Structure formats: C-alpha cells, structure tokens
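Enquirer: Please read through the structure below; I'll follow up with questions.
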Amino acid sequence: MPRPFNFRRTHYGLYLCGKILYTLAMVAAQKLINIPLREFAVPVPRKGSIEALSGYGRAAAEGQEIHLKVQKKRAKSDGSYRSEVAIGAEFQKEEFCFRVDGRMDGLFDTEPPKIEEIKSTFNLSELARRLDNQPLDHPYCLQLFSYGYFYRLRQGVTPELSFHLVSSRSADSLDLPLQLDIALYEQWLEERLDELVREARLAEKRAARRRKIAAGFVFPFPDPRPGQIELMETIDQGMNEGKPMLIQAPTGLGKTVGVLYPVLREALGRGQQVVYVTPKNSQHSVAEDAIRRFHDAGSHLKSLSITAKGKICFKNEPLCNPEFCEYARDYYTKVCEYGIRDLLARKRKLTARSFRELGEKYQVCPFELQLEGMEGADVVICDYNYVFAPRSALSGMTNTGIDQTGKANLVIDEAHNLPSRAMECYSPALSSVVLEKMRNEIKSIAHRFRREAENILDGCLSTVASCGHGKKPAVIEPPVDAFLEQDIRLRTLLTRYLESMVEIQPQDVILRLSFYWSEFTSALEYAADPDREEFFTTWHPAGTVKITCCDASAMIRDCYDNYQQVVAFSATLKPFDYYKTLSGLDLEKTLTAEFTSPFPTHRRKLMLIPQVSTRYSQRERNYARIAEAVVRITSLRRGNYFVFFPSFDFLERLAAFFQPPAGFSLILQERNIKTSQVKTIMEQLQETDGANIVFAVQGGSLAEGMDYAGDTLIGAFIVGPPLPSFDLEREEMRRYYQRRYGAGFDYAYIVPAMAKAVQAAGRVIRSETDRGLIVLMDSRFTEPGYSRSMPADWFRSDARELVSYSILGEVDEFWRSGDADEGLAADGLCQP
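Numbers 814 to 1645, taken from the numbering used here, label the letters of the sequence shown in order.
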C-alpha cells in the first residue's frame, strides 16, 4: 500500500535539497587558494625582529638533519609514532576558500593522541622562554596550534601538543608542552582569515593588472633587428611546448629585449611574474635598460632590482641581529605598523635607492625590504645566488596565488656562467695562512674575548693541520666531527660577542673567522656523503683543505621546480650538451637554438695564426713570436687593441719585454683589478684618436660583460685557449666527468676555456657600424674539440678556413676596404 502524501515532509525535503544545492554552488563558486601551513601560521599583525629565533626564517639544513635523527629515534623506540604526517583543513571566508596543508613532524597514536613539533636552535633556553611566554605571537606556536586544531576538526579529539627542542650546540633536548585554547585560537583564526581575504583581493587586482599589461604589451621598437623575430618565435615555440630553452645569440641581436618580450608576455598573461638572473650585480643594468624601453613604449611594468646585502646594508657588517642592528630590531613590527608593504606596492620601479630611503625613514632593513617587495613586482632582477644558492631567498616567492596560473618564469642571462658559479657555491676552502693572519687582529679585540678567541683559533689551525701530511696534495676524508666541534665553539663565542656592548667595526675578525669556518662546515654535509661522488675534499701542503663540487646539476635542477618556463641565453653556449648537462637541464626535452650575428660579416676580419703555440712546454720560445705578431699587426692601423692572455703569469711574462709600436701606449690589467681602475682604462680608451694596447686576461673583468663600442676597441688578439691549471682538483674533475659523462678532458678543460676565449673575442663588434679585427693565436683553435665551441658564423665547415697565408696583407686590405666603403658612404654611393 503506497504511503500517503505528506506535504509538510515533502516541502521540508525540497527545502533541504535546495539549501544543500545552494551551499554546493556557493562552495563551487568560491575561489580556492592553497597556502602552506608555514605561511598560514603567523601572528596578526606580524611582530618581532630579524633573528634566528623569530620563526620567520627558512629552516637550515642542519635543522633538517636534527629532525631526521629525532624522528628515527622516536620510530625505533615507540611503535605508536609516525613521522611527517600530512594534515590540512579548508576555511571559507567571503568569496574565498583557503586550503591549508602541512606535515606534522611526529604523531603518537595514543589515548589521547599527541602531536610533536621538533625545533632545533643554538640557544635552547631562550627559544623555550619565548615559546612559553607568548605563544600566539610566535610562528612556531601557531604552527603547532594549527596542527592540533586541524586534527580536532578531522578526528573530533583534542590532541596533546608538545615541542621537542634540540640544541644544535650540545644536542641537549627539552620537551615543552603546549595547551590548545580553542577560543583564543579561533579568535586568531578569524583575524588571520580576514587578513588573508584582504591579501587575496590585492592579489586579484595584481593578477588582473598583469593580464591587462599582457593584452596591450607591445614590442618596444618599430622594426625588430634581423634575427630578433626568429628569436622570439623560437621562445614562443618552446613555451608552447613546455620545454626549457638554451639559446646562443650574439651581441647586437638585441637578445635581452628579444628574450624578455615573449617571456614577459606569457607570464603576465597568466597573472604571473618573471625572475631575471645575472652572474653579477653589475650586469643588472642590461635588464633594467630593457625594462626602461618597455616603459617608453607605454607598458606599466613594475620592476625590482635586488642589491647584494653587503652593498645595501647600513651597518659596518651585514649581520642581522637585533642586539647589533637597529634596522633588524622589531623589523616585522615596524613593517606592519607603518604600512611599508603598501608603500612598496605604489612604486613602479624599485631600486637600491628606493629601499635605502625607506629603510632610513622607518629604521628597517633595506635588504629585507627588497624581499618584501618581490611579490608585487612584475620583473625581479637579481644575482644567480638568489635562485640557485642553498636555501635561496626567492624559493618562497614562486607559489601560485589567486587568479594566477602556473608559476613564475625564469630567465638566465650569461648562462655560460651558471655551471661554474653553482659549483663555486658548494666549493669552499680553509687556509692555515688566512687563519694565522687573523691572530694579530684577535689581539686587538676586547680583553674578555681575547683568550677564548685565541684558543679557538688554535683549535681551527690544529683541525686543518690534522687533515694531511707530506709534501704532495692529496684527496682526503675530512674529519667532520672535528670541524663541527670548532664550529660550535665559534658560534658560542659569536653569540656572546654580539650580545655584548662591543662596537662592531668593518671586517670584524670574530665575524670573519666565524663565517669563514661555517661556510666550510656547511658544505661538509655534501662532501661527507658517500653517495655524492661529485664532491671530494683535498689537502694541500701549504695548509689548505678544500671541498670541490665538480657538478652542481642536481642542485640546480631542483631549483627549476619553482618555475613554469626556463629560458637560458648567452653568446657562448656551445657545445649545447655540455651546458644542458651541467646546468641541470633535461638532455632530451631542452630546446636549443643558435642565432648568428646580424652585422655584416665584411665589417669583421677573423683570422687564425696556427704558427703560434701557447702550450706550457712551448711558451718560452713563443713569447717573442707573439710579441712580434702583435706589434706588426697593430702598426697597420692606429687605434685601441686588446691582447687577451690565458693567465696573469703569461701576461706578465710577455709584458716584461714587450715594446709597443711608436705612438701606442701599453696598459696592463692588474690582478684583483678594482672598479675604479676599470673606469680609468675605459676613459683612456674613449679618448679621441687614442692608440693603446691593453694586456688583459681571458675570463677577467675586462674580457666579459664589457661594451667597447665604436673606436673604443678595433681589434683583439686571443692568445691561446685559457685551459685551467693542470692540478689535483682539475684532474679529479676530469676523472669524474669521464666516469659520469664519458667526456673527461672536454668537460674539465676545453669547454670552460673556449667559453672565455669566445667571450673575449666578442668584445670587438658591438654594433652595426663597428669594424674590427679578431686574431686567434694557437694551432689548437683549428682542432675540432676546440672549434665546436665557436659561433656558427665564424667559419663555413672547418676552423682552418680562418688560417691566413698572408697575414699582414690581408689585415691591410681589410682596413683599406673599410676606408673605401666609408668614403663611398660619405658620398652617398653605398651603405657601410
């Protein structure tokens, strides 16, 4: 028998269905924002200073190692223990849904359950005091409270909460229980969600502004240069296919603008930003000039250039400690109190000057302000180390935000430098000579620290001395524990030293000693790992112990995960397989392309003199031959020439007896040349009707990143490929490359040398009106192993095509034909 119709029940059922559907529709319409718990669990508003105990910094590798040790010990002794337990929660607020995810360090499945957060610190008692006294004002406490609250939401049970604090100095530990106050936590949660809503709406506006810029983004020149269109089309193709790119493009192609235009347009169209990295601070100007051109074309791009901490810091030493630095003291409190993030967001261009002015006005750290401003910038220009160094500063800025698709794009300028620069990051050394020189300086520090510092210095010297014996360098297994023990002693001294009233002077010896030693011990985690065959440690009789990384590709590769598109470019990236391999790029997936010079080839005379040898065993009998060739060739045309040598020793040996032609001056590049000296040389080269011969080294500051336009430079002699020194480290590298890649000598010696040689040669022709001579001096330049690194437009099929059988005649004819062309051009009969 059918049930009777119940209007009231049916009406209520329809009401419930409608309410459920409405709720589901509202949830579906909400904008989902994913937030790591570490970024979610912060005080509202931010409070505190820049310091190790603030809770805002990134976890050090040392702290991660301590975490693992504790977790392994817990799992072994307690069957109820689980580590790295994922947990999350969603919170609806206004039109947004915030998804927060994290991992609990440890969970004890007991009655009641217990959540444990592991924190390591150098100052155990001070961290415990802070966590106990102001739990809602410290990120660490808010992280642990959030784990407990999320667990309660999911399981319906309120867990016990506890910190397990471990001293990185002594390995002592302390358990600190925490009580989850639901009412207080929910009060904070409401304030934090309100704050996140405001941030999300700002992010929406930022993304919408970027998309609007992308829609109207125009190329900054009416007519692209030859090759520029093809360059941009290649980059568009790579991005459409999701491939990282390695692009070789010469000077004069307009490669900076040609790369930035498509990469910016693609990133902005997704509401994202671009990170542009260079090997040095001094090379930022190339990217900044490109951004200015986009501004001139009507674009409203926001750019930020990051200046190195040592250059922008107001103090004598760039040390972030509130006891020492008033700009670090209460930094987070002042940034919120004065609304400095809003001030940064209003500026279209942010430079070192902008941050110094704000830093002085509000007494906050200008370097940290740069990091605050990154989120709002459309283009961030910075050094390699901000992306590729261990625990880099930019790794946290690339997370997907509201109304953004994917991640930021990465552009790597002068990418031929990336493999070596990354290796250097992981290759520190300690020298007994350097350490011993600090002894006299230690005698001048405050009396109460002097004896302890001298004892620690003695311990450091003994530790280095214990690494080896004998008269020959050797590969060793470093005594890791001894180095770490000295590091702890130094950090203990440094802590008390900074907390005292001692005035810190520039180049303070205690700071220098501490940082010098800690840089080495930081790399020991890699060198002591038996699975890391790309690392080795050597001892030298002069009292030096050195860690060498001969392949940083694995560390570089991890950094690419933070970016959507990766475009690396330079004038010297051949052979491509070498740079793909050691730059951590996928050999099969990476798109490679080479573009030739847009300038007329008849304006460049490129020749090779194989009769000269710069091999070490043959140098003595070739010095005179090299000097004679330089004198005779430069005598044919008055102007400025560079002679680029493979080393300073070679340069100084030849300079000792070189006599320049009549009317020419000889200029020598000094070792450790200063910026002011480079400027003086440039001024001398720019003098009207000047005639100078500059002796410089390949790979040096005068051979790369310098623009010698017009008559500043009319010729360059490349004296031999600058092969690295044949020593223990280089031979260990060769053996590794042979084992790993089957290309030992090429990877260890030839390719790095040819990158420097080609870069030096590229100083000559810088514009379509330049005319210049490039002379390669050494028979090895004709060998395929060397010539495959040369640009495609240097020869048709074989480098031997560059060999001249009438050197002076061909050079004289080159200069005469140029004079004739310029004469006809002046008469309007032809174009130069």
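Idealized CB from N, CA, C, for every residue including glycine. Small disclaimer: the values here were computed from a predicted structure and weren't measured.
How far does the beta strand (DSSP E) with Phe911 in it extend, from its first residue to its last?
Expert: Here residue 911 corresponds to residue number 98 of the sequence shown, with the count starting at 1. Its beta strand (DSSP E) spans residues Phe909 to Phe921.
Enquirer: Which ranges does the alpha helix (DSSP H) cover as unbroken runs of at least 4 residues, wholly within the segment 1395 to 1447, from first to last along the chain?
Expert: 1436 to 1447
Enquirer: Could you have a look at Pro1291 and say whether DSSP puts it in helix, strand or coil?
Expert: Numbered from 1 along the sequence shown, position 478 holds the residue referred to as residue 1291. Looking at Pro1291 - three-state DSSP - the assignment turns out to be coil, as it is neither helix nor strand.
Enquirer: Could you compute how far the alpha carbon of Phe1389 sits from the alpha carbon of Gln1482?
Expert: What you label residue 1389 is simply residue 576 of the sequence shown in a count that begins at 1. What you label residue 1482 is simply residue 669 of the sequence shown in a count that begins at 1. Their backbone Cα atoms lie some 32 Å apart in a straight line.
Enquirer: Give every residue of the same chain whose Cβ lies closer than 6 Å to the Cβ of Arg1613, excluding the five residues on either side of it in the sequence, and list them in chain order.
Expert: On the sequence shown, residue 1613 is found 800 positions in, with the first residue counted as 1. Contacts found: Thr1595.
Enquirer: For Pro1291 and Pro1063, what's the separation of their Cα atoms in angstroms?
Expert: Taking the first residue of the sequence shown as 1, we reach residue 1291 at position 478. Taking the first residue of the sequence shown as 1, we reach residue 1063 at position 250. C-alpha of Pro1291 to C-alpha of Pro1063: approximately 44 Å in a straight line.
Enquirer: Whole angstroms are fine: how far does the CA of Arg1019 sit from the CA of Lys1220?
Expert: Translated into positions along the sequence shown, residue 1220 becomes position 407. Translated into positions along the sequence shown, residue 1019 becomes position 206. Between Lys1220 and Arg1019, the C-alpha separation is close to 15 Å.
Enquirer: Cα-Cα, which of Phe1296, Asp1371, Val1571 and Val1288 is closest to Ile1531?
Expert: Counted from its first residue, the sequence shown places residue 1531 at position 718. It is Val1571 whose Cα lies nearest to the Cα of Ile1531.
Enquirer: Our contact map puts Val1577 next to Ser1602 with C-beta atoms below 8 Å; I'd like the distance itself, whole angstroms only.
Expert: One-based indexing of the sequence shown puts residue 1577 at position 764. One-based indexing of the sequence shown puts residue 1602 at position 789. With 8 Å as the limit, Val1577 and Ser1602 do not qualify as a contact, their Cβ atoms being about 18 Å apart.
Enquirer: Just to confirm, are Ala1222 and Val1087 a CB contact at a threshold of 8 Å?
Expert: Along the sequence shown, one-based indexing puts residue 1222 at 409. Along the sequence shown, one-based indexing puts residue 1087 at 274. Note on identity: in this sequence residue 1222 is Asn, with Ala being the wrong assignment. Contact: yes.
Enquirer: Give the DSSP-derived three-state secondary structure of Ala1341 in the structure shown.
Expert: Within the sequence shown, numbered from 1, the residue matching residue 1341 stands at position 528. Three-state result, Ala1341: coil.
Enquirer: Do Val1177 and Tyr1140 count as a contact pair if the criterion is CB distance below 8 Å?
Expert: As a working mapping, residue 1140 is identified with position 327 in the sequence shown. As a working mapping, residue 1177 is identified with position 364 in the sequence shown. Yes, these two residues count as a Cβ contact at 8 Å.
Enquirer: Is the CB-CB distance between Pro849 and Pro925 below 8 Å?
Expert: Taking the first residue of the sequence shown as 1, we reach residue 849 at position 36. Taking the first residue of the sequence shown as 1, we reach residue 925 at position 112. Against a cut-off of 8 Å, the Cβ pair of Pro925 and Pro849 comes out as no contact.
Enquirer: Where do the ends of the alpha helix (DSSP H) carrying Thr1493 lie?
Expert: Taking the first residue of the sequence shown as 1, we reach residue 1493 at position 680. Looking at the DSSP string, the run of the alpha helix (DSSP H) that includes Thr1493 is Thr1488 to Leu1498.
Enquirer: Check this for me: beta carbons of Leu1386 and Gln1041, under 8 Å apart or not?
Expert: The residue you call residue 1386 lines up with position 573 of the sequence shown. The residue you call residue 1041 lines up with position 228 of the sequence shown. Their beta carbons are not under 8 Å apart, which means Leu1386 does not touch Gln1041 by this criterion.
Enquirer: Which residue from Ile1125, Ala941 and Lys1393 puts its Cα closest to that of Leu991?
Expert: As a position in the sequence shown, residue 991 is number 178, starting the count at 1. Taking only the C-alpha atoms, the option nearest Leu991 is Ala941.
Enquirer: Along the chain, where does the beta strand (DSSP E) that runs through Lys932 open and close?
Expert: On the sequence shown, position 119 is the one that residue 932 refers to. Per DSSP, Lys932 belongs to the beta strand (DSSP E) from Lys927 to Thr934.
Enquirer: Please go through the segment 1225 to 1269 and give each complete alpha helix (DSSP H) segment of 4 or more residues, from N-terminal end onward.
Expert: 1231 to 1238 and 1245 to 1255
Enquirer: For Trp1001, report the span of its alpha helix (DSSP H) as first-last.
Expert: The count along the sequence shown starts at 1 and reaches residue 1001 at position 188. Counting along the chain, the alpha helix (DSSP H) containing Trp1001 begins and ends at Ile995 to Ala1028.
Enquirer: In whole angstroms, what is the alpha-carbon distance linking Gly1452 and Ser1460?
Expert: In the sequence shown, counting from the first residue as 1, residue 1452 sits at position 639. In the sequence shown, counting from the first residue as 1, residue 1460 sits at position 647. Answer to the nearest angstrom: the Cα atoms are 24 Å apart.
Enquirer: Looking only at C-alpha atoms, which of Thr1350, Ile846, Ala1442 and Thr1146 sits nearest to Thr1334?
Expert: Counted from its first residue, the sequence shown places residue 1334 at position 521. Nearest C-alpha to Thr1334: Thr1350.
Enquirer: Smallest Cα separation from Tyr1175: which of Glu1150, Asp1196 and Asp891?
Expert: Walking along the sequence shown from the start, residue 1175 turns up at place 362. Checking every option, the nearest Cα to that of Tyr1175 belongs to Glu1150.
Enquirer: Ser1396 and Ala1381: beta carbons closer than 8 Å?
Expert: For the purposes of this step, residue 1396 is taken as residue 583 along the sequence shown, with counting starting at 1. For the purposes of this step, residue 1381 is taken as residue 568 along the sequence shown, with counting starting at 1. Result yes, Cβ atoms of Ser1396 and Ala1381 sit closer than 8 Å.
Enquirer: Excluding the 5 residues preceding and the 5 following Arg943 in the sequence, name in chain order all residues of the same chain whose CB lies nearer than 7 Å to its CB.
Expert: As a position in the sequence shown, residue 943 is number 130, starting the count at 1. The residues are Leu866 and His951.
Enquirer: Going by DSSP in three states, Val970 sits in which element: helix, strand or coil?
Expert: Locating residue 970 in the sequence shown gives position 157, counting from the first residue. Looking at Val970 - three-state DSSP - the assignment turns out to be coil, as it is neither helix nor strand.
Enquirer: Give the DSSP-derived three-state secondary structure of Asp1271 in the structure shown.
Expert: Along the sequence shown, read from residue 1 onward, the residue named residue 1271 stands at position 458. Residue state, collapsed to three classes: helix.
Enquirer: So what's Gly1051 in DSSP terms, helix, strand or just coil?
Expert: Indexing the sequence shown from 1 puts residue 1051 at position 238. If DSSP states are grouped into helix, strand and coil, Gly1051 belongs with the helices.
Enquirer: What residues are listed by DSSP as bridge partners for Leu1589?
Expert: In the sequence shown, the residue the question calls residue 1589 occupies position 776. According to DSSP, which records beta bridges pairwise, Leu1589 is partnered with Leu1421 and Ile1531.
Enquirer: Using the DSSP secondary-structure output, state which residues sit across from Cys1362 in a beta bridge.
Expert: The residue you call residue 1362 lines up with position 549 of the sequence shown. Paired residues: Phe1348.
Enquirer: Between Ala1259 and the rest of its own chain, which residues show a CB-CB distance below 6 Å, the 5 nearest in sequence each way excluded?
Expert: The residue labelled residue 1259 in the question sits at position 446 within the sequence shown. Within the same chain, Ala1259 has close Cβ partners Val1315.
Enquirer: Would you identify the three-state DSSP class for Pro990, choosing helix, strand or coil?
Expert: Here the question's residue 990 lines up with position 177 in the sequence shown. Pro990: strand per DSSP, three-state reduction.
Enquirer: Measuring CB to CB, does Ile931 end up less than 8 Å from Asp918?
Expert: Taking the sequence shown and counting its residues from 1, one reaches residue 931 at position 118. Taking the sequence shown and counting its residues from 1, one reaches residue 918 at position 105. Cβ atoms of Ile931 and Asp918: closer than 8 Å.
Enquirer: With respect to the alpha helix (DSSP H) encompassing Met1567, which residues constitute its N-terminal and C-terminal limits?
Expert: By 1-based counting over the sequence shown, the position of residue 1567 is 754. Run containing Met1567: Val1564 to Ala1574, per the alpha helix (DSSP H) assignment.
Enquirer: Looking at the unbroken beta strand (DSSP E) that takes in Arg792, where does it start and where does it end?
Expert: Outside the displayed span of the chain (814 to 1645) sits residue 792, for which this structure offers no information.
Enquirer: Looking only at its own chain, which residues have a Cβ that is under 8 Å from the Cβ of Glu903, when we skip the five neighbours before and after it?
Expert: Numbered from its first residue, the sequence shown carries residue 903 at position 90. Cys910, Phe911, Arg912 and Val913.
Enquirer: Between which two residues does the alpha helix (DSSP H) containing Ile1153 stretch?
Expert: By 1-based counting over the sequence shown, the position of residue 1153 is 340. Per DSSP, the unbroken alpha helix (DSSP H) holding Ile1153 starts and ends at Ile1153 to Ala1158.
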